[in-house]
Amino acid sequence: MRRSLLPLLTAMVLSACAAGERTGTSSAAATLPGPVTYEVSSWGRLLTHWQVNPDGSGEFWRGSGLGKGEGDVSKYRMTLPPEALRAFAAAVEPIRTRTAKDVKCRDEITDMPYGAITWDYPGARQNYAFNGGCLSPEADAVREQLRAAHDLVEKRAAIEPKPYIVERPSNR
């Protein structure tokens, strides 16, 4: 009886795997337990913002304008394809690990861009607020990792060509 069950169980497992492929489920979604959000501002003005969700969907915001607190914010929907989502998850995990403890500054330059990256993982929310003027070997390394993650999102995400909304200072 045991020998007759093995082919049946094998067939069931293989058909379940094939069904998962047909429905579009992917192991890429499992690589990101929750949304990751990143934002950079300068003088109160948003420069960039993105959020990547576990399924690769998300938003990308771009700020424009030069004055303090001025300028439009254009909001776009985006999608990271599965291979880019895996690369993104691999890029942000070392940042999360490295910033779990305080990142020390040896010197600080004032009036530099600042921001935060947040991992909103179930039961493990973590936020790292950064200042572009924080100078130390550790802060420099984190800044480079953040830049690489941002570049990956900006270059590999399928960002819709037209914003779904443009916010102006008068309607914020």
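Numbered per UniProt numbering, the sequence shown spans residues 1 to 172. Heads up, the beta-carbon is just placed ideally off N, CA and C, and yes, glycines get one too.
Beta-carbon proximity list for T79, same chain, < 8 Å, skipping 5 on both sides | G56, S57, G58, A157 and A158
What are the start and end residues of the beta strand (DSSP E) that includes E167?
-> I165 to E167
Looking only at its own chain, which residues have a Cβ that is under 6 Å from the Cβ of S64, when we skip the five neighbours before and after it?
-> G71 and D72
Provide the residue span of the beta strand (DSSP E) that contains V52, from first to last.
-> R45 to V52
When the Cα of W119 is compared with those of V166, P94, A139 and E167, which residue comes out closest?
-> P94
Consult DSSP for I95 and reduce its assignment to one of helix, strand or coil.
-> helix
CB of A91 within 7 Å of CB of L152, strictly = yes
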